[in-house]
Every structure is written in structure tokens, then in C-alpha cells.
Amino acid sequence: IMSYSVKLAESEDIDKLIQLRLDFSDANNGPHPETYELRKANLKSYFERHLNRDCYAAIVEQDGKAVSTGILGVYENPPSPSRPNGRFASIVSVWTYPEYRRQGYAGLVMEMLKLKARENDAAYIELSATPMGRPLYEKLDFKVRQSENVEMRYTFK
Numbered sequence: 688i689m690s691y692s693v694k695l696a697e698s699e700d701i702d703k704l705i706q707l708r709l710d711f712s713d714a715n716n717g718p719h720p721e722t723y724e725l726r727k728a729n730l731k732s733y734f735e736r737h738l739n740r741d742c743y744a745a746i747v748e749q750d751g752k753a754v755s756t757g758i759l760g761v762y763e764n765p766p767s768p769s770r771p772n773g774r775f776a777s778i779v780s781v782w783t784y785p786e787y788r789r790q791g792y793a794g795l796v797m798e799m800l801k802l803k804a805r806e807n808d809a810a811y812i813e814l815s816a817t818p819m820g821r822p823l824y825e826k827l828d829f830k831v832r833q834s835e836n837v838e839m840r841y842t843f844k
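Here the sequence shown is numbered in the numbering used here, starting from 688 and rising by one per residue.
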């Protein structure tokens, strides 16, 4: 029988978070061995500075192995009608290793991150849903946001 647990990551879990994030990135963007060590060092620095301050990560472990995760960022912008206190949250990197999928782990991760967003007075949570993740997010009452706006990005050369 499999045993599992879900928890908020603490500083002693940073190495697990780094590995989960690197594996997530490789699975979604293909492996980039030329930047692996740099990304690993940058992730360590990021989590050391932000974890449990304005970044929260949930981890599901099955039989002692970290198998599923998600990351919540909490942000503050000038107040507006949609966020009267200026606070909102974003969820990224929801991921489960393929051999552990369809066991409800991503749902457990999402529920834990939703609670942390509420505790941090976020007016809402936003995320970008992959086709695979969308049914889960809809089940958790996330709604597609219709907008006249177009998502844009400027990338420094």
C-alpha cells in the first residue's frame, strides 16, 4: 500500500524543490544541459530568498519521494477594483511525475496553495492553464478570463 503526504515546503526542502522545478522545466521545454548548473544555482538563490515570504510551494511525497508540486507567488500592486488591497497571487509549475499522475496529487497541491493565497489576503489567484491542467483548474472553480487585452512580453536582448 502506498503512503503519501502533502505539505508546505520548508527550507530543508529546497533541494527537492529545485529538482522538481528542473524536471518540470525539462519535461515542458526540453532539456537544456548548457544552462542546467546556472538554473540550479539561481533556483537555490530564489528559494532561499523567497520561500515562505512571498513564495509558497506545496510538495506531495509518496513513500518518501517528492512526486508532485506547485508554486504560489503573492504580489502587491496598486489597489484597483479587482484587488482593493492590491494583493493577488499566481500559481506556476504545478507538476506531477508522469508515473504518479491520476492519483489526485495536483488537486491536493492546488488546495494547499489556495489556502496560502487566502491567508495572504490575495484578492484572486491567476494561472496559465495547459490543456492537461485545465480540467483540474475548472473543477477547482478557476474561470477562463475573457479579455480584450492581449498578453505581451518584452524580452531584453
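No residue lacks a Cβ here, since even glycine has one placed at the ideal position from N, Cα and C.
Check: Residues near I812 by beta carbon distance below 8 Å, same chain, minus five either side; Outcome: L759, F775, A776, S777, I778, L800, K801, A804, F829
Check: Cβ contact (3+ pairs, closer than 8 Å) linking the stretch 787-798 and the stretch 821-837; Outcome: yes
Check: Three-state class that DSSP yields for Q749 in the structure shown; Outcome: strand
Check: Secondary structure, alpha helix (DSSP H): runs of 4+ residues fully inside the stretch 756-829; Outcome: 792-806, 821-826
Check: Three-state class that DSSP yields for K694 in the structure shown; Outcome: strand
Check: Cα-Cα separation between S732 and E724, rounded to whole angstroms; Outcome: 12 Å
Check: Integer-rounded CB distance, given that A744 should sit under 8 Å from A696; Outcome: 4 Å
Check: Identified DSSP bridge partners for L738; Outcome: C742
Check: D700, buried or exposed, once every other Cβ within 10 Å from all chains shown has been counted against 16; Outcome: buried
Check: Opening and closing residue of the alpha helix (DSSP H) in which Q706 lies; Outcome: 701-716
Check: Alpha-carbon spacing of I746 relative to E763, whole angstroms; Outcome: 25 Å
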